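Heads up: the structure comes next, in structure tokens.
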Amino acid sequence: MRAVVLCAALFVAPLYALTLKGIGADGPAPVHFEPQVAVLCDAKSDTPYYSQYMSENGRWTSDTKRKVGCLKEKVDILDYCKKVYPKNDITNIVESSHYVKIGNWCKMGYNKCKHTDWVKPYRCLEGQFQSD
């Protein structure tokens, strides 16, 4: 009987700890961090929104430090990726094939970050291009 209880404790406890580890205030954290940026170009608004980036803990973060708004040119988005992730060797970007719902968009000049919208983020790719 002790062997069964010991086996169950050794098996279940690590699974329980692993489950709790990924849960934060905003829900589960992603398993794998990938550098990404998102821009919101809202034609209905006169005031631009700050761009966002994926932090290393897997959360979308408004970039109020760099004061970057709507970027449309690929080269500008690539430059932005390099600024947001200076420790990474960012060499290219790829627009996501699907939309992602991102919250807490901040309008430039305002303190409240309440807006939520669907955008296609850009993956900031590292290293030299390699084909299959």
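For the sequence shown, the positions run -17 to -1, 1 to 115 when mature numbering (1 follows the signal peptide of the UniProt record, and there is no 0) is used.
The C-beta atom is built at its ideal place from N, Cα and C for all residues, glycine as well.
None of the values given here were measured: they were computed from a predicted structure.
Looking from the CA of residue 62, the closest CA among 105, 111 and 15 belongs to 105. In this structure, 51 is the residue among 97, 51, 30 and 90 with its C-alpha nearest to the C-alpha of residue 36.
Distance from the Cα of residue 31 is smallest, within the candidate group 110, 109 and 96, for 96. Less than 8 Å separates the beta-carbon of residue 64 from that of residue 20. Residue state for residue 64 is assigned as helix, using DSSP reduced to three classes. Beta bridge pairing from DSSP links residue 44 with 36. In the three-state reduction of the DSSP assignment, residue 84 falls in the strand class.
In this structure, the beta-carbon distance from residue 109 to residue 72 falls below 8 Å. The alpha-carbon separation between residue 16 and residue 83 amounts to approximately 16 Å.
Here residue 90 carries a strand assignment [DSSP, helix/strand/coil]. For the options 42, 18, 46 and 27, the alpha carbon positioned closest to that of residue 92 is the one of 46.
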